[in-house]
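Enquirer: One structure follows; several queries about it will come next.
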Amino acid sequence: MDPDSGEVELIPRATTSALMKSPIAWRYRKIVDFPEPFGRQLARRKRRAVTLDDVEARLKDRLPQLDQELRHRFAVHEAGHVVARTLTGVAEVELVTIEGSDGRPYTLSSFHPDVMHHEEGRTNLIRSYLAGRAAEEVVLGRTTLGAGGGQQSDLAQATALAFSLEASVGVGAHQPFVYQSPDAWEDALASDPEMRARVSQRLDEAYAEALSLVRQNVSGIMLVAEALIEHGTLEGEPLARVLEKVRQCAMMRDEMQPTHDAVPATGKKLRCLDSGSVEADSGMRAGDSG
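Remember, this note's numbering sits 212 above the position in the sequence shown when you count from 1.
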């Protein structure tokens with residue numbers, strides 16, 4: 213490319229290819245228009261081709277801006293999911309962000325295939341869906357409505373799983389061998405009060421267990437939340453470093469009995485449940501892909 217000639221590539225082929233393969237394409241999947249004048253203006257001003265970093269910077273500028281209180285709440289909620297999925301072993305967390313393209317946070321995970329084949333695995337998965345709300349309750353003292361709201365919400369996913377345990381896989385409390393399609397869970401719950409009560413009991417028990425998990429791992433949750441507040445998105449090696457510290461906190465907790473449920477103060481150093489200190493700043497950079 214020669215910026216002086218006026219023949220400027222908007223986004224070089226190599227950058228476009230890298231963009232399509234990178235998590236940026238997922239994180240900003242709803243922001244699809246990348247203005248052509250921006251590419252030309254930037255290339256001429258910088259006297260170089262547009263890079264992947266330029267694309268992300270431009271897209272990030274167009275994200276909804278969160279106030280600090282909401283950013284903190286989102287971070288705590290997602291940290292609850294991350295820690296629960298990591299410590300129960302139901303999934304490998306690949307990316308967590310509080311800067312989703314539609315202004316909403318989310319966590320991307322690869323769930324272990326054997327999770328769905330055992331009651332314990334499905335129950336742990338339910339706990340992990342409820343752990344975001346549990347983290348809000350324990351760390352912040354009150355909850356928002358963020359766990360519900362739609363078919364893909366935490367509450368919907370948890371309810372569908374609880375229904376499948378009661379109605380579809382032979383472990384229900386009443387007539388366990390009578391099969392009902394898990395896809396029909398909403399209609400079944402609407403028309404069968406007894407089934408609804410049994411599913412609700414499973415959810416209540418799972419939420420109580422999620423609260424217990426959160427209380428025992430507040431330090432780990434705060435490690436993730438602080439990193440999210442600072443960087444917005446965690447993935448790759450930065451995420452791996454934070455998750456390793458979460459596991460270290462859990463191991464330290466297990467070595468010390470009894471455990472302490474107090475919420476530690478946030479800051480540059482966070483206590484691992486009175487088991488030493490772990491630095492919140494792990495040298496992470498803001499993710500340039502997601």
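C-beta atoms are modelled at their ideal positions from N, C-alpha and C, and glycine is treated no differently. Fair warning: this is a prediction, and the values are worked out from it, not measured in the lab.
#1: Grab me the residues of Ala400's own chain with a C-beta within less than 8 Å of its C-beta, minus the 5 sequence neighbours each way, in chain order.
#2: Tell me which residues share the same chain as Gly301 and place their Cβ nearer than 8 Å to its Cβ, disregarding the 5 neighbours each side in the sequence.
#3: Using the Cα positions of Gly315 and Ser424, report the straight-line distance between them to the nearest angstrom.
#4: Are the Cβ atoms of Glu348 and Arg285 separated by less than 9 Å?
#5: Please go through the same chain and pick out, in chain order, the residues whose beta-carbon is closer than 6 Å to the beta-carbon of Ala422, but skip the five residues on each side of it.
#6: Would you call the stretch 280–294 in contact with the stretch 432–441, where contact means no fewer than 3 C-beta pairs closer than 8 Å?
#7: Just to confirm, are Glu311 and Gly432 a CB contact at a threshold of 9 Å?
#8: Could you tell me the alpha carbon to alpha carbon distance between Asp416 and Ser322, rounded to whole angstroms?
#9: Based on the DSSP secondary-structure assignment, which residues constitute the bridge partners of Phe286?
#10: If distances are taken between C-alpha atoms only, which option among Gln364, Gly382 and Leu373 comes closest to Trp397?
#11: Given this structure, state the Cα-to-Cα distance separating Val305 from Ala452, to the nearest angstrom.
#12: Return helix, strand or coil for Phe375, following the three-state DSSP convention.
#13: Can you tell me whether His293 is buried or exposed? The criterion is at least 16 other CB atoms within 10 Å of its CB, across all chains shown.
#14: With a threshold of 16 other CB atoms inside 10 Å of the CB of Asp366, please say whether the residue is buried or exposed.
#15: Measuring CA to CA, which of Gly361, Asp404 and Arg410 is closest to Ala385?
#16: Rounded C-beta distance between Leu446 and Val308? I'm assuming under 8 Å.
#17: Which value, in whole angstroms, describes the spacing of the CA atoms of Gln363 and Glu332?
#18: Below 8 Å on the Cβ atoms is my contact criterion, and I expect Val351 with Val454 to pass it. Report the Cβ-Cβ distance as a whole number of Å.
#19: Using beta-carbon positions only, say whether Gly358 and Ala368 come within less than 9 Å of one another.
#20: Need the endpoints of the alpha helix (DSSP H) that Tyr318 sits in, please.
#21: Taking only runs of the beta strand (DSSP E) that begin and end inside the stretch 390–469, which ones reach a length of at least 3 residues, in chain order?
#22: If Leu184 and Arg414 are in contact, beta carbons under 8 Å, what's the gap, nearest whole angstrom?
#23: Under 7 Å Cβ to Cβ from Thr356, same chain only, skipping five residues before and after it: list those, please.
#24: Since Val458 contacts Val327 with CB under 8 Å, what's their CB separation in whole angstroms?
#25: Taking just the CA atoms, how far does Gln280 sit from Glu449?
#26: For Ala462, I'd like the list of residues in its chain whose CB is within less than 7 Å of its CB, leaving aside the five on either flank, ordered along the chain.
#27: By a C-beta neighbour count over all protein chains shown, 10 Å radius and 16 as the cutoff for buried, is Ala420 buried or exposed?
#28: Look up Glu304 in the DSSP assignment and give the residues it is bridged to.
Expert: Short version:
#1: Phe375, Ala379, Gln392 and Met407
#2: His324 and Asn336
#3: 30 Å
#4: yes
#5: Arg339, Leu342, Ala343 and Ala346
#6: yes
#7: no
#8: 26 Å
#9: Paired residues: none, contrary to the question.
#10: Leu373
#11: 9 Å
#12: helix
#13: buried
#14: buried
#15: Arg410
#16: 5 Å
#17: 24 Å
#18: Actually they do not touch by this definition, with Cβ atoms about 16 Å apart.
#19: no
#20: Not the alpha helix (DSSP H): Tyr318 falls in the beta strand (DSSP E), residues Tyr318 to Phe323.
#21: 445–447
#22: No answer is possible for residue 184: it lies beyond the span of the chain, which begins at 213 and ends at 502.
#23: Arg285 and Glu348
#24: Contact flag wrong, Cβ pair sits at about 19 Å.
#25: 26 Å
#26: Leu299, Asn429 and Gly432
#27: exposed
#28: Ser322
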